[in-house]
Structure formats: structure tokens, C-alpha cells
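Structure first, commentary second.
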Amino acid sequence: MKHTLKKTETEKGQKQMNDVFLQFVSKVVFFIVIMFSFNLFFAGHYTPGGGFVGGLLAASALILLLIAYDKKTLQKMLPIDFRMVLTVGLLFAAGIPTLSFLFGTPFFTHQHTYIEVPVFGEIALHSAVLFDIGVFLTVAATSLFIIVLVGEAEN
């Protein structure tokens, strides 16, 4: 039986196994996992889920692409600076409760209001959603950093 994996040489002389099937399936599964991650994020206020679980699932989708490809290819596919994502996530996660505290309410007291959106009508806007966005971004970026750093430490 013929082996489907093809050996290629990288710039550093290391051997990497490229599997076309794994790369194709990982792209498809990536979108499924990311959509489920967003579903868990938005459902987190009323059912189990939220920013933490959604962020872990988003990181796992990115790690799947990292397994199928390499770090350079992932950077070409998604040209996102994850350090900036981590910074923005920390600003949201720490800034929203602090901002609430500066306006005279207890530290983690969330505020809400209703806004009018043309297509959807009146929707509720909670500061807890902004906090969860920060948690989502922080967890996803941190998890990805840990995996990348551990993978680079083996070299």
C-alpha cells in the first residue's frame, strides 16, 4: 500500500509531513468549530458557555490549522497579530468592570440599555457582553501562544 504522506524539506532542514487530506479537512472543520465557538459565546448568557469556553474552542480551531500546516502558513492564512488580540482582550476584560467602578457602581456590576437597530428592532446591550468579548479574545490568544511556545521549545 502506498503511503499518502509526502516528505518535504523546510528551511531549517527539518522534515515535515504534508497530508493533503488533513489540510483540506482542517480548513472545513476550522469553519465548523469557529461557528460553534461563536454559538457557545452568544449562548453563554442563558445556557452553559460564554467567553471562556468559546475562546478555548476558537483556539482549538486555530491549533487544528497549526497542526495541518505550519506557523508561517497560519500567519499567511490569518494575518492577525495575536499579541494585539491578547492586549485588546485584556483591556476589555479588565477595563469594563473598572469603568463601571469609576462611575460609582460596585466593581462587577454590569449595566444594560436598549438600542434600536434598523433590521432587528430594539435589542439589549449589556456590559457583560463586552466583558465576555474580552475573556474570549484573551483566552483564545493565550491558548494559542502557549501551544506555539511549547511547539517551538521542542526545536
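The sequence shown: position 114 = 113 (numbering that gives the first Met the number 0), numbered continuously. Here a beta-carbon is modelled for each residue, glycine too, at the ideal position from N, C-alpha and C.
Counting other Cβ atoms within 10 Å of its Cβ, Tyr68 reaches 16 or more and is therefore classed as buried. The residue among Phe106, Pro117, Thr46 with its C-alpha nearest the C-alpha of Ser126 is Phe106. Checking the DSSP bridge columns, you'll see Ile122 partnered with Ile114. In the structure shown, the three-state DSSP call for Gly94 is helix. Going by beta carbons, Ile95 and Phe130 fall inside the 8 Å limit. Counting C-beta atoms within 10 angstroms of its own C-beta, Phe37 has fewer than 16 neighbours from the protein chains shown and is therefore classed as exposed.
Unbroken alpha helix (DSSP H) stretches of 4 residues or longer found wholly inside the stretch 64-108: 70-76, 81-101, given in chain order.
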